[in-house]
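Q: Residue numbers (the working numbering), protein chains in the order written: chain A, 533 to 805; chain B, 36 to 221.
The structure's right below; bear with me while I get my questions together.
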C-alpha cells in the first residue's frame, strides 16, 4: 500500500460527483468572490432550510474525507522520533479519530434522511482531504486537526443554533454530539503540536504558518466571522476548550474580517462595473 | 405562445431550445390553458435559486440561474429541477386564475408560512403527475416554518395529498399547524 494517497484516487460510488476547484474559480458569475450567503443562516429565511441541507451535505462529505485523512495519518508515518515519524500514541489518537469520523458519517446519513437530502445531491470538493496530504505529520495535524476541525467546531455550533431556533430536536442533538467529538479532535492537534515541537520552535512556527494558510483558504470569503450575524460564527468558548489561546482566536477573527472586507470590495467593484 | 429569455446563455451552459421544449412539455403535463401565453425569464448572472410567479395572464415566470442549475455540476442545466419549478409556478398561476380557489393576495402579502403551505399543496399534485417532488425535503421545509409537531405533520399530509383545496383552506391548515408550535402555546 502506497503512502501519500492523492485526492483524485479517493473511492466514491456513482452518487458522488467531484467538483474541481478550477470550476469554482473559473465560474464567470463568481467575480472571484462568490458568496451568496452573507448573513447568519436562520430557519425563518426563505432559503434557510435548503441552505441548512446544503451545509449539512458539505459536512457529510467533510466527515468522509476526515476519516480518510486520519486513516492516512495512521498509515503514512512510521512510529518513531525522526522528523517524518510520529509517536505510536499519535497513531492511536488518529485511529480513535477514524472511529469518531465513521460514526459522524453514519449520523450524517441519518440526518440527511431527516432533512430530505439525497446522498451525493450536491457536488463534493476534495479540499479537506488535500490538507491531509502534507508530507510533514505536524503540518498535516495543524492543517487538519487545528484549522479544519476548528472550522468544523464553528460550523457545528452554528448548525446546532439553527436546530434550536427551528425547534428541530434531531438536528440539535446530532450537532451537539458531533461538536463534542470535534473539540476532542482539535485538542489532539493542539496537544501533539506542543509535544512534538517542544524543542523545535522553527518547526512549530512552520506548522502554525501552514495552519494559518489553511484557515485563510477556508475562510470562504468571510463566511466565517466573529460577529453575531456571521453565517458561520467563530465558536470562541469551544475553541478555548480545544486548546486555542485568545491570541490565536483573535488572529482567526482578524483574518476572517479581512477576507470579508476583501470580498465586499471585489463585489462592490463588480457591481459598479 | 411560450417565450424563454435570454435566447443565448453566456454565463451558464444552458440551451434555449432545451428549456423551451421543457416548458412546452410541462405546460401540457400540468394541463395549462393553452390560450394563456407563458414567458420564462432567466437571470443567468445570479447563481442563487430564487424563482417566482410575476403574472398570471400571461403567465410570467422569473428564475435566478441557480434554480435551474445542477447542484453537482457548476453552470450545468438540471432538467428535473427546472421541470418541478416550472410545473409548480404554472399550477400556482392556475390556482390564482381559478374562481373556485378564491382570491389570493399579492406575493409580497403572503407570509412565509402560508407560502410554504401552498407550495406543499402544489408540489403534492406534481408528485402525482410524476414530477420529482422530494417529499422529505418539502416536509423538512414545512416543519421549519410550522414546527416539528404531530399537528404540523398532519397538516402537511393533508396539503400533500389533497386534490382540491381553496385558498382559505390552505391558510387555515397553515394557521392551525403554526398554532401547535410549542413556543406558540407559551
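We treat Cβ as the ideally placed atom computed from N, Cα and C, and that holds for glycine.
Given that residue 80 of chain B touches chain A, what residues does it touch there, using C-beta distances under 8 Å?
A: 561
Q: Taking only the alpha-carbon atoms, compute the straight-line gap between residue 49 of chain B and residue 554 of chain A and give it to the nearest angstrom.
A: 20 Å
Q: Quick check on this structure: which residue in B/203, B/72, B/68 and B/150 has the alpha carbon closest to the alpha carbon of residue 135 of chain B?
A: B/203
Q: Can you tell me where the alpha helix (DSSP H) with residue 187 of chain B in it begins and where it stops?
A: 185 to 196
Q: Rounded to whole angstroms, what's the CA-CA distance from residue 193 of chain B to residue 184 of chain B? Just pull it up for me.
A: Near 14 Å, if we compare the C-alpha coordinates of residue 184 of chain B and residue 193 of chain B.
Q: Can you tell me the Cα-Cα spacing of residue 572 of chain A and residue 688 of chain A, whole angstroms?
A: 13 Å
Q: Tell me the rounded alpha-carbon separation between residue 92 of chain B and residue 545 of chain A.
A: 46 Å
Q: Can you tell me which of the three DSSP states residue 651 of chain A falls into?
A: coil
Q: Using DSSP bridges, identify the partner residues of residue 737 of chain A.
A: The partner list for residue 737 of chain A (beta bridge, DSSP) is empty, contrary to what the question assumes.
Q: Could you spell out the range, first to last residue, of the beta strand (DSSP E) harbouring residue 104 of chain B?
A: Neither: residue 104 of chain B is in no beta strand (DSSP E) and is coded neither H nor E.
Q: Specify whether the segment 580 to 598 of chain A and the segment 636 to 652 of chain A touch according to this definition: at least 3 beta carbon pairs, one from each stretch, less than 8 Å apart.
A: yes
Q: Closer than 6 Å by C-beta to residue 37 of chain B: which residues in its own chain qualify, once you throw out the five before and the five after it? Chain order, please.
A: 58, 59 and 73
Q: Are the beta-carbon atoms belonging to residue 130 of chain B and residue 121 of chain B less than 8 Å from one another?
A: no
Q: Given this structure, state the Cα-to-Cα distance separating residue 161 of chain B from residue 668 of chain A, to the nearest angstrom.
A: 55 Å
Q: Can you find a C-beta in chain B that's less than 8 Å from the C-beta of residue 553 of chain A?
A: no
Q: Taking the straight line between their C-alpha atoms, what separation do you get for residue 132 of chain B and residue 71 of chain B?
A: 11 Å
Q: Determine the DSSP secondary structure at residue 163 of chain B, reduced to helix, strand or coil.
A: Residue 163 of chain B falls in the helix class under three-state DSSP.
Q: Using the C-alpha atoms, what's the distance from residue 163 of chain B back to residue 606 of chain A?
A: Each residue's Cα considered, the two are about 51 Å apart.
Q: Only counting runs of 4 or more residues, tell me where the alpha helix (DSSP H) segments fall wholly within the segment 641 to 691 of chain A, in order along the chain.
A: Runs of the alpha helix (DSSP H) inside the segment 641 to 691 of chain A: 659 to 663 and 669 to 673.
Q: Counting contacts by CB-CB distance shorter than 8 Å, is residue 147 of chain B in contact with chain A?
A: yes
Q: Quick check: what's the CA-CA separation for residue 704 of chain A versus residue 641 of chain A?
A: 15 Å
Q: Of all the CB atoms in chain A, is at least one closer than 8 Å to the CB of residue 141 of chain B?
A: Answer no: the Cβ-Cβ gap between residue 141 of chain B and chain A never drops below 8 Å.
Q: Span of the beta strand (DSSP E) holding residue 707 of chain A?
A: Residue 707 of chain A -> not in any beta strand (DSSP E); alpha helix (DSSP H) instead, spanning 701 to 728.
Q: To which residues does DSSP link residue 90 of chain B through a beta bridge?
A: B/95
Q: Does any CB atom of chain A fall closer than 8 Å to the CB of residue 37 of chain B?
A: no
Q: Give me the chain B residues within the contact set of residue 576 of chain A, using Cβ-Cβ distance strictly less than 9 Å, ordered along the chain.
A: Here the neighbours are 147, 179 and 180.
Q: Do residue 671 of chain A and residue 738 of chain A have their C-beta atoms closer together than 8 Å?
A: yes
Q: Would residue 169 of chain B count as contacting chain A if we go by Cβ distances under 8 Å?
A: It does; some Cβ of chain A falls within 8 Å.
Q: Please report the distance separating the alpha-carbon of residue 775 of chain A from that of residue 599 of chain A.
A: 22 Å
Q: Inspect the beta-carbon positions of residue 807 of chain A and residue 632 of chain A and report whether they are closer than 8 Å.
A: Here chain A covers residues 533 to 805 and nothing more, so residue 807 of chain A does not appear.
Q: Going by C-alpha distance, which of B/212, B/114, B/76 and B/84 is nearest residue 42 of chain B?
A: Ranking the options by Cα distance to residue 42 of chain B, first place goes to B/76.
Q: Quick check: residue 628 of chain A and residue 686 of chain A, are their CB atoms within less than 8 Å of each other?
A: no
Q: Note the first and the last residue of the continuous beta strand (DSSP E) segment covering residue 78 of chain B.
A: Segment 73 to 78, the beta strand (DSSP E) holding residue 78 of chain B.
Q: CB-CB under 6 Å to residue 548 of chain A, same chain, minus the five flanking residues each way: which ones, in chain order?
A: 652 and 656
Q: Is there a C-beta anywhere in chain B that falls below 8 Å from the one on residue 746 of chain A?
A: no
Q: If you draw a straight line from the C-alpha of residue 221 of chain B to the C-alpha of residue 736 of chain A, how long is it?
A: The predicted model places residue 221 of chain B with a pLDDT of 45, which falls under 50 and marks its position as unreliable; any figure quoted below should be read in that light. The straight-line gap from Cα to Cα measures roughly 54 Å.
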